[in-house]
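Per UniProt numbering, the very first residue in the sequence shown carries number 1; after that it's consecutive.
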Amino acid sequence: MIEQDHEPPSLPAVLTEEQAARVRKALAPFVAGRTARESAKALGFARMYVRAVLHGEIRCTLLFASRVAHVLGVDLDALVRGDET
1 MIEQDHEPPS
11 LPAVLTEEQA
21 ARVRKALAPF
31 VAGRTARESA
41 KALGFARMYV
51 RAVLHGEIRC
61 TLLFASRVAH
71 VLGVDLDALV
81 RGDET
């Protein structure tokens, strides 16, 4: 029987402020180069939702972060945890 040392850490459904700040920082250049409509469409969220997350008015969710990672072509775990990969 193989015993695992521990389970891998999971990500919370709602990100911490530190994690959300990483997502906002990574997303800002993407949004700056597009219209609000283009950015929202690429992310699959309403324009006002994207704006609110960027401005820290609402909490950043794991789903939102996963969409950001997808459009930026980066690993979700690296994006949220700040891994240098």
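A virtual CB, placed ideally from N, CA and C, is assigned to each residue, including glycine.
Distance, Cα to Cα, G44 vs E17? Walking along the sequence shown from the start, residue 44 turns up at place 44. Walking along the sequence shown from the start, residue 17 turns up at place 17. Cα-Cα distance, rounded: 22 angstroms.
Please tell me whether F30 and Y49 are closer than 9 angstroms, where the distance is taken between their beta carbons. Position 30 of the sequence shown, counted from the first residue, corresponds to residue 30. Position 49 of the sequence shown, counted from the first residue, corresponds to residue 49. No; because the gap between Cβ atoms is not below 9 angstroms, this pair is not in contact.
Close-in-space but distant-in-sequence residues of the same chain around S39 (CB under 8 angstroms, 5 per side omitted): Indexing the sequence shown from 1 puts residue 39 at position 39. Cβ neighbours of S39 beyond the five flanking positions: F30, V31, R47, V50.
Taking Cβ positions, are L15 and T61 nearer each other than 9 angstroms? Translated into the one-based positions of the sequence shown, residue 15 becomes position 15. Translated into the one-based positions of the sequence shown, residue 61 becomes position 61. In contact: L15 and T61 (Cβ atoms closer than 9 angstroms).
Name the two residues that bound the continuous alpha helix (DSSP H) containing E57. For this step, residue 57 is matched to residue 57 along the sequence shown. Annotation: E57 is outside any alpha helix (DSSP H) and is labelled neither H nor E by DSSP.
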